[in-house]
Structures are given as C-alpha cells and as structure tokens.
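Visitor: Protein sequences appear in the order of chains A and B.
Residues 62 to 322 in my numbering are what the first sequence spells out, letter by letter.
Residues 29 to 282 in my numbering are what the second sequence spells out, letter by letter.
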Amino acid sequence: MKQYLFNKQLSRGQHLLLAFFGIILLISIWSALSFSGLVKPLFLPTPLTVFNSTIRLFLDFNLLGDILISLYRIFLGFLLSVIISIPLGIYLGVNKKAEAFFDPLISFARYIPTSAFVPLLILWLGIGDLQKVILLLIGVAPYLTLLIFDIVSNTQKEYIEAAYTLGAKPKDIITKIVIPQSLPGIWDSMRIVMGVGWTIVLLAEIVAATSGLGYLIITSQRFLQTANVIAAIFIIGLIGLFTDLLFKFTAKKFFPWQEKI
Amino acid sequence: MLEIQNLSKTYGNGKQAKVIDDLSFEVGDKQFIAIVGPSGCGKTTLLKIIAGLQAPTTGDIILDNNSVTGPGQDRGMIFQAFTLFPWLTVKDNIGFGLKLQGVGQEEKEKIVAYYLQATNLVDFANFYPKDLSGGMQQRVAIARTLANNPKILLMDEPFGSLDSQTRSSMQEFLTKLWETEQKTILFVTHDVKEAIFLADKVILLDSSPTKIKKEYTIDFARPRVHDLKFSEKFFNLERTIIKDLESSSIELCK
C-alpha cells in the first residue's frame with residue numbers, strides 16, 4: 062500500500078533537506094556548464110561572476126533603488142486589484158444576477174493576454190508608474206475575481222443550512238459563514254496572483270521604462286552584460302520565494318483553524 | 029406542539045417524483061419521537077421542511093399555532109454531517125446563535141459555560157473543530173443548538189457517521205440530556221435499536237411516497253440505561269418493528 066501514499070506528510074527536516082538538494086543541484090549543473098567552458102560566458106556566466114555582478118550592482122548601480130521601484134509598482138497594482146476583486150468576487154459568488162451580468166465580461170478580459178494592452182496603455186498613460194500599475198490591474202483583477210468567485214460559490218451548503226436553523230438571516234450568512242469560510246482560499250489566491258503580478262510588471266518594465274528590475278534586465282542585455290541579467294532574474298526569484306513564504310506563514314497565523322493539507 | 033398537516037413534497041417539474049404524500053402527525057410538547065423508515069424514504073426531506081429549509085409542495089407545518097414559513101431559531105436542527113463552523117472555537121460555535129440574537133456578553137458566557145458543562149466539553153472550550161473526534165463534534169453541535177433554546181430539536185441521524193461504540197455512548201448521553209432539558213425532540217434514524225432506546229414513540233414510515241405505516245408507544249421507564257437494550261421486552265419490540273420495516277423495504281424493491 063505504501064506506493065499509494067503519495068501525499069504522505071514529510072517531517073520538517075526532510076522537507077528542508079530536499080529543498081536544499083534541489084538548490085544545490087541547480088547550482089551544480091550551472092557550475093558544470095559555465096566553469097568548464099561548455100557554454101560561453103556571454104551566454105552563461107559562472108555563478109561567481111553573477112555573484113560579483115550582484116554585489117557591484119548593489120554598491121555602484123543602485124540595485125536597491127530598482128528593486129524598490131519594481132516592488133512599489135507591484136504593491137500598488139496588487140493593492141488596487143485586491144480592493145476591487147475581493148468585494149466583486151464575493152458579490153458574484155452570492156448573487157446569481159450579478160454573476161450573469163459580470164461573468165462574460167470578466168472571462169473576456171481574462172482571455173486577452175495582458176501584453177496586448179501594453180501599446181495601448183503607453184499611448185494612453187505614457188511610460189510612468191501609472192501605466193505599470195494599470196497594466197497589473199488589468200492582468201490581475203479579472204483573474205483574482207474569478208478565483209474568489211469560485212471559492213465563494215463553493216461555500217459548503219451544510220454550514221449555510223446549519224446557520225439558518227440557528228437563526229441566521231441572509232446577510233448573516235454572507236458575513237458570518239461565506240466570508241470566514243472563504244478567507245483562507247482568498248488569501249491563497251492572492252499568493253497565486255502575486256506571481257502573475259511580477260510577470261506583468263517585469264514585462265511592462267522591459268518594454269518601456271526608465272527604472273526597475275525589468276529596465277535593468279533590458280539595458281544589461283543591450284550592453285551584453287549577461288551576468289547582470291541573471292543577477293536580476295535571481296533577485297526576482299528570491300523576492301518571489303520570500304513573498305510566497307510570507308503568505309504561507311501568515312496564513313498559518315491568520316487561519317489556525319484550517320486542517321493541515 | 030408541532031403539527032404536520034397533509035404534507036406533500038414533489039420534486040422535479042416534468043417527470044415528477046413524489047417523495048412525501050399527505051403526511052399528518054403531531055409531536056406533543058416535551059415528547060421524544062423517533063422516525064424510522066427505509067433509506068431514501070424522504071426522512072431528511074421531512075425534517076428539512078419542518079426546519080424551513082425546504083418548502084412543502086402542499087400542506088402546513090404549525091408550531092405552537094404559528095405557521096412555519098422559513099428557518100428560525102425556534103426549530104434547532106442537528107445534521108448527520110459535521111456542521112460545526114471550522115473557523116470558530118467550540119465556545120464560539122456554541123455561542124453562535126446567541127450572538128445572532130444579540131444576547132449580552134455576560135449572559136452569553138453563562139449559557140455557553142452551562143452547555144460546555146452539560147456536554148462534558150469544558151476542557152475543549154478553546155479547541156477548533158478539526159481537533160475534536162466525531163462524537164465530540166456532535167456533542168458541540170447539540171450544545172450549539174440547545175444554547176439557542178429552541179422549542180423543538182430536529183435530529184437527522186445525528187449519530188449516523190459515528191462508530192458503534194461512540195454511537196451507543198452518545199445515545200446514553202442524549203437520553204440523560206433530554207431527561208434534564210425536557211425538550212421536544214423529533215429524531216430521524218434508520219437504526220431501530222436507537223429509536224426504541226431513545227424515544228417515547230416510534231413512527232414507522234413507509235417509503236415512496238412517504239406515509240405513516242405504524243406507530244409504537246415505547247413505555248420503558250426513565251432514566252434509561254444501556255442494559256435496557258438486552259432486556260427481553262426491548263428485543264421483542266425491536267423484532268416487531270424490524271419485521272414491519274422489512275416488509276416495506278421489500279415492497280420498495282418490487
């Protein structure tokens with residue numbers, strides 16, 4: 062029966078050890094390819110070069126400033142998306158008429174690649190922060206709304222019925238059953254769309270910007286500074302990893318009642 | 029008093045399925061009535077209609093001269109599925125209905141404390157449902173409903189998902205609780221033994237569509253204890269009811 066236990070819990074130590082080996086493997090393959098000269102440094106610099114470039118970018122080229130400006134754009138666009146999507150998603154989940162009205166609009170918006178909006182938004186808003194924030198909003202809000210809608214409409218019927226027999230009114234069902242039950246799922250959806258947010262802001266910065274990590278990537282590429290490009294990619298990865306952990310950690314704190322998955 | 033008057037329930041529009049047909053009976057105050065019947069005979073539907081969670085096709089439900097038109101806290105319901113709100117602690121689950129009614133904090137805490145005591149859950153007041161066993165969860169569910177002080181308790185196979193040992197201890201727990209609380213209870217089960225052990229009266233339903241087949245008065249003295257289940261009188265009664273039940277199950281198969 063052992064082979065069927067594919068979702069068996071790992072101990073914390075086992076988990077960390079495996080995660081560590083994954084990272085070591087990646088660095089080993091990279092080192093083998095670059096140090097051996099199998100791949101030219103122009104295409105793949107060694108880990109050491111990338112490390113040195115990262116330090117130099119921090120010290121001499123204000124990398125922190127680029128990181129902060131990208132983070133600022135993401136934060137603003139993400140916040141705006143959350144402010145719109147959470148109430149809208151919940152509303153759609155509990156109101157069949159609203160669902161019928163908004164569903165085609167949102168599905169339509171969701172299937173248009175966000176990148177298609179870049180030229181239009183440059184035309185309308187220029188290449189400043191606002192253009193990036195709005196692009197992120199266009200890319201993230203419909204997606205997040207649909208995720209939240211789905212979570213809310215899957216509220217367990219048993220809880221709703223039990224609440225009614227305990228004297229709840231329809232508005233209590235929304236505030237005291239639907240929302241509390243949906244919160245962990247909403248939190249997790251926010252974690253998922255955070256990754257989408259990064260993609261969108263980076264895309265916007267690569268296409269047209271005067272600052273930010275995407276801008277750093279595209280200018281470094283123009284000057285064939287491949288190590289800088291890889292450094293920027295790594296930093297994005299690390300920030301992503303950190304936000305993901307933050308979301309997971311806070312979920313445990315906010316929703317101690319959840320069953321462990 | 030709860031009166032069920034000429035109740036019928038039909039599902040579907042085109043091809044109709046009549047689940048309940050012209051069902052009438054009464055549940056007197058402080059009576060413990062058990063309903064048994066073959067599975068799929070609309071017992072849950074009946075309770076949900078009384079609770080106001082579903083509308084009858086025809087007929088009326090009248091509780092103390094008031095017609096039932098929707099769900100309300102005067103009819104508490106215990107479900108077979110575990111329905112504790114997982115995001116609330118045991119204490120807050122029990123206080124859920126009181127909070128809805130706007131009962132003051134002090135009064136609420138007093139009532140919650142009383143039911144924690146009555147259900148032997150004092151030590152678990154701050155636990156979340158995920159950390160409780162099935163039997164404990166159902167005890168909390170019963171406490172949560174009783175804290176609301178309903179006129180009648182509707183129980184839909186509340187011990188159906190429990191193992192047989194827990195089930196039997198829950199039955200004893202419920203009789204004790206009922207003897208002190210003196211609530212009107214309408215208890216649906218497919219377990220004849222459980223029905224006889226708990227109830228003052230057992231109503232046997234016939235299936236498809238549901239109507240009353242027979243009624244049995246159960247006059248065992250209270251307080252009732254587990255040993256009662258091994259007495260000859262109990263066994264004979266059980267055999268009679270099971271025979272009647274099986275004859276309707278066989279008819280269903282035809």
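We put the CB at the ideal spot given by N, CA and C, even for glycine.
Here the structure is a predicted model, which is why all the values come from computation and not from measurement.
Would B:L202 count as contacting chain A if we go by Cβ distances under 8 angstroms?
Guide: Cβ-Cβ to chain A under 8 angstroms: no for B:L202.
Visitor: I want to see whether chain A comes within less than 8 angstroms of B:L81, judged by CB atoms only; does it?
Guide: Chain A, which has a Cβ nearer than 8 angstroms to the Cβ of B:L81, makes this yes.
Visitor: B:T212 and B:L181 - do their beta-carbons sit closer together than 8 angstroms?
Guide: Yes, they are a contact pair.
Visitor: Grab the span of the alpha helix (DSSP H) containing A:S92 for me, first residue to last.
Guide: Its alpha helix (DSSP H) spans residues R73 to F96.
Visitor: DSSP on B:Q33, reduced to helix/strand/coil?
Guide: Of the three classes helix, strand and coil, the one that applies to B:Q33 here is strand, per DSSP.
Visitor: Skipping 5 residues on each side, what residues in its chain have a beta carbon closer than 6 angstroms to that of B:G70?
Guide: Counting only Cβ-Cβ distances below 6 angstroms, and skipping sequence neighbours, we find V47, I48 and T238.
Visitor: Answer yes or no: do B:G98 and B:G125 have a C-beta to C-beta separation smaller than 8 angstroms?
Guide: No.
Visitor: In this structure, does DSSP put B:I63 in helix, strand or coil?
Guide: Looking at B:I63 - three-state DSSP - the assignment turns out to be strand.
Visitor: Please list, in chain order, all residues of the same chain as B:Y244 whose beta carbon is under 6 angstroms from its beta carbon, the five residues on each side excluded.
Guide: The answer, listed in chain order, is V230.
Visitor: Is B:L144 closer than 8 angstroms to B:A109 when the C-beta atoms are compared?
Guide: No, they are not a contact pair.
Visitor: Short of 6 angstroms in beta carbon distance, which residues of its chain neighbour B:D184, apart from the five on each side in sequence? Order them along the chain.
Guide: Answer for B:D184: T72, L75, F107, Q108 and V216, listed in chain order.
Visitor: Should A:S281 be labelled buried (16 or more other beta-carbon atoms within 10 Å of its own) or exposed?
Guide: When all chains shown are included, A:S281 counts as buried.
Visitor: Helix, strand or coil, according to DSSP, for A:V194 in the structure here?
Guide: Correct three-state label for A:V194: helix.
Visitor: Using the beta-carbon of each residue, which ones in chain B are nearer than 7 angstroms to A:Q242?
Guide: What A:Q242 touches in chain B: W115.
Visitor: Kindly confirm or deny that the region 74 to 87 of chain A and the region 251 to 271 of chain A touch, where touching means at least three C-beta pairs closer than 8 angstroms.
Guide: No: the two stretches stay apart, fewer than three of their Cβ pairs being nearer than 8 angstroms.
Visitor: Smallest Cα separation from A:G298: which of A:M255, A:S168 and A:A170?
Guide: Considering only alpha carbons, the answer is A:M255.
Visitor: Taking the continuous beta strand (DSSP E) assigned at B:A45, which residues delimit it?
Guide: Per DSSP, B:A45 belongs to the beta strand (DSSP E) from A45 to V55.
Visitor: Show which residues of chain A have a CB atom less than 7 angstroms away from the CB atom of B:P99.
Guide: Chain A residues near B:P99: Y225 and T226.
Visitor: Evaluate A:F139 with the Cβ neighbour count: other Cβ atoms within 10 Å of its Cβ, from every protein chain shown; 16 or more gives buried, anything less gives exposed.
Guide: That one is buried.
Visitor: CA-CA distance, B:W206 and B:A62?
Guide: If you take the alpha carbons of B:W206 and B:A62, they lie about 13 angstroms apart.
Visitor: Within the continuous alpha helix (DSSP H) that includes A:L30, where are the two ends?
Guide: No information on residue 30 of chain A is available, as it lies outside the stretch 62 to 322 that chain A covers here.
Visitor: So if I threshold CB-CB distances at 9 angstroms, which residues from the region 229 to 255 of chain A count as touching chain B?
Guide: Correct list: A229, K230, D233, K237, I238, P241, Q242, L244 and P245.
Visitor: Take every Cβ of the region 111 to 119 of chain B, pair it with every Cβ of the region 219 to 228 of chain A, and state whether three or more of those distances are shorter than 8 angstroms.
Guide: Touching, per the Cβ criterion.
Visitor: Any idea which residues DSSP pairs B:F215 with across the strands?
Guide: DSSP output for B:F215 lists B:A62 and B:M183 as bridge partner(s).
Visitor: Ignore the nearest five residues each way along the sequence and tell me which others in B:A83's own chain have a CB closer than 8 angstroms to its CB.
Guide: Within the same chain, B:A83 has close Cβ partners I77.
Visitor: Under the rule that 16 or more other beta-carbon atoms within 10 Å means buried, what is B:F263, buried or exposed?
Guide: So B:F263 ends up on the exposed side.
Visitor: By the 10 Å Cβ neighbour count, where 16 or more other Cβ atoms means buried, how is B:I246 classified, buried or exposed?
Guide: Its Cβ being crowded by 16 or more others within 10 Å, B:I246 is buried.
Visitor: Tell me the DSSP secondary structure of B:Y156 in three-state form.
Guide: Coil.
Visitor: Would you report the Cα separation of B:Q33 and B:W115, rounded to the nearest angstrom?
Guide: Using only the alpha carbons, I get a separation of about 39 angstroms.
Visitor: Check B:E266 in the structure and name its three-state DSSP category.
Guide: B:E266 falls in the helix class under three-state DSSP.
Visitor: Do we get a CB-CB distance below 8 angstroms when we pair A:E320 with the residues of chain B?
Guide: Output row for A:E320: interface = yes.
Visitor: Could you name the residues of chain B that A:P203 contacts, counting a contact when the two beta carbons are closer than 9 angstroms?
Guide: By Cβ distance, chain B contributes nothing, its closest Cβ being about 28 angstroms from A:P203, past 9 angstroms.
Visitor: Contact criterion: CB-CB distance below 8 angstroms. Does B:A141 meet it with respect to chain A?
Guide: B:A141 does not count as touching chain A.
Visitor: B:T111 versus chain A: which residues are under 7 angstroms apart at the beta carbon?
Guide: Within 7 angstroms Cβ-Cβ: E219, Y220 and A223.
Visitor: How is A:K230 classed by DSSP in three states: helix, strand or coil?
Guide: If DSSP states are grouped into helix, strand and coil, A:K230 belongs with coil.
Visitor: With distances taken between CB atoms, is the gap from A:T226 to B:M105 smaller than 8 angstroms?
Guide: Contact: yes.
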